[in-house]
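To start, the structure under review is shown below, and the notes come after it.
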Amino acid sequence: MDPNRPPTNFESRVFEATCLIPKGKVSTYGELAVFLGCQSAQAIGQALKRNPFAPEVPCHRVVKTDLRLGGFHGGTEGPYLAKKRNLLVEEGVSFGDDGRVNPEHCHRFC
DNA sequence: AGATTGACTAACC
DNA sequence: AGGTTAGCCAATC
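In this note's numbering, each residue's number is its place in the first sequence (first place is 1) plus 424.
Shown next as structure tokens:
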């Protein structure tokens with residue numbers, strides 16, 4: 425695989441939509457999928473997991489629909505999510521006891 | 001060109 | 001309530 429490949433059209437759209445999420449808020453893979461006009465949140469995850477613009481695109485503001493953290497930096501456990509959670513807290517997002525984002529932080533594309 | 005994969009989701013058992 | 005199946009779609013093998 426080539427990590428320095430140019431972003432595809434689809435990926436560019438995903439990144440653009442991700443940048444639209446205001447600081448201190450989060451969105452879901454599903455919301456992005458709908459916003460981009462496709463029905464596969466998995467495709468969104470694919471684009472973000474290969475995110476060539478790691479901290480430049482706020483991919484940490486994208487979580488699963490159940491408000492659990494999905495993944496980060498290509499991983500779905502341990503330090504990956506710890507880092508993601510920390511970034512969100514720094515932006516003002518709070519978490520529940522179960523490690524979920526508080527629903528008040530959900531952002532909706534209009 | 002075809003098969004597999006995956007930072008997902010919803011439905012089913 | 002928790003594990004499995006099925007549907008989804010772009011990238012990668």
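By construction, the Cβ of each residue, glycine as well, lies at the ideal position given by its N, Cα and C atoms.
Do residue i and residue j have their C-beta atoms within less than 8 Å of each other?
i	j	result
residue 443	residue 482	yes
residue 508	residue 493	yes
residue 431	residue 439	yes
residue 516	residue 448	yes
residue 450	residue 512	yes
residue 514	residue 471	no
residue 467	residue 454	no
residue 502	residue 473	no
Residue range of the alpha helix (DSSP H) that residue i falls in?
i	result
residue 433	433–443
residue 509	503–514
Buried or exposed for residue i, going by 16 or more other Cβ atoms inside 10 Å?
i	result
residue 429	exposed
residue 532	exposed
residue 489	exposed
residue 469	buried
residue 452	buried
residue 457	buried
According to DSSP, residue i sits in a beta bridge with which residue or residues?
i	result
residue 533	DSSP, once it has assigned bridges, lists no residue as partnering residue 533.
residue 499	496
Inset, instruction - Any chance you could list the alpha helix (DSSP H) runs of at least 4 consecutive residues sitting entirely within the stretch 443–476, in chain order? - result: 453–460, 465–473
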